[in-house]
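**Student:**
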Amino acid sequence: MQLLAQFNSVFRRPWFNLLLSLHIRLTSAKIRAKLSSPDTICRYLNAMLDYDATGLSFDGIEMLVVGGSRDQFFGETIRSCKARYPHACVVILERETHMAPVERPSDVKAAITSFI
Numbered sequence: 883m884q885l886l887a888q889f890n891s892v893f894r895r896p897w898f899n900l901l902l903s904l905h906i907r908l909t910s911a912k913i914r915a916k917l918s919s920p921d922t923i924c925r926y927l928n929a930m931l932d933y934d935a936t937g938l939s940f941d942g943i944e945m946l947v948v949g950g951s952r953d954q955f956f957g958e959t960i961r962s963c964k965a966r967y968p969h970a971c972v973v974i975l976e977r978e979t980h981m982a983p984v985e986r987p988s989d990v991k992a993a994i995t996s997f998i
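Residue numbers (the working numbering): 883 to 998.
Right, here's the structure in full:
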């Protein structure tokens with residue numbers, strides 16, 4: 883149930899959030915069985931957060947970053963990508979949240995196709 887409290891507004895559309903909530907309620911035992919232990923997941927997430935990328939150079943590397951303007955998790959990072967990585971192609975989908983690829987797949991596909 884903690885997962886529901888954290889991710890109850892992942893989607894922009896309330897209907898998708900309701901479906902996600904129902905899915906988690908109905909399959910939470912299966913989900914827990916498939917995932918690693920909570921300690922392992924937390925160690926992995928903390929390792930990502932603690933990683934110091936100072937000294938890494940992305941100069942000359944072209945990359946595509948696609949995200950929603952209202953992304954609850956990576957919104958600020960997405961907005962700052964262009965300034966930090968001049969070769970990045972940044973596509974921000976207005977009014978979209980973290981699940982922009984699910985809610986606007988045709989726009990994400992168009993961005994990827996254009997980039998490639």
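We put the beta carbon where it would ideally sit given N, CA and C, even for glycine.
Could you check what DSSP says for G957 in three-state terms: helix, strand or coil?
**Tutor:** G957 falls in the helix class under three-state DSSP.
**Student:** Any idea if A993 is buried or exposed, counting beta-carbon neighbours within 10 angstroms, 16 or more meaning buried?
**Tutor:** Answer is buried; the Cβ neighbour count reaches 16.
**Student:** Look at V947 and V984 and say whether their C-beta atoms are less than 8 Å apart.
**Tutor:** No; because the gap between Cβ atoms is not below 8 Å, this pair is not in contact.
**Student:** Kindly give me the distance between the Cβ atoms of E944 and H905, rounded to whole angstroms, as I take these residues to be in contact under 8 Å.
**Tutor:** About 37 Å separates the two Cβ atoms, so there is no contact after all.
**Student:** Measure the alpha-carbon distance for N928 versus I974 and round it to whole angstroms.
**Tutor:** Roughly 27 Å separates the two Cα atoms.
**Student:** Check for me: the alpha helix (DSSP H) holding A982 runs from which residue to which?
**Tutor:** A982 -> alpha helix (DSSP H) spans A982 to E985.
**Student:** Quickly, what does DSSP pair G950 with across the bridge? List them, please.
**Tutor:** Beta-bridge pairing links G950 to L975.
**Student:** Once you ignore the five residues that flank D989 on each side, which residues in its own chain have a CB closer than 7 Å to its CB?
**Tutor:** Once the five neighbours on either side are set aside, the close Cβ partners of D989 are L975.
**Student:** Please identify the residue among A911, W897 and G950 whose C-alpha is closest to the C-alpha of M981.
**Tutor:** Comparing Cα-Cα distances from M981 to each of A911, W897 and G950, the minimum goes to G950.
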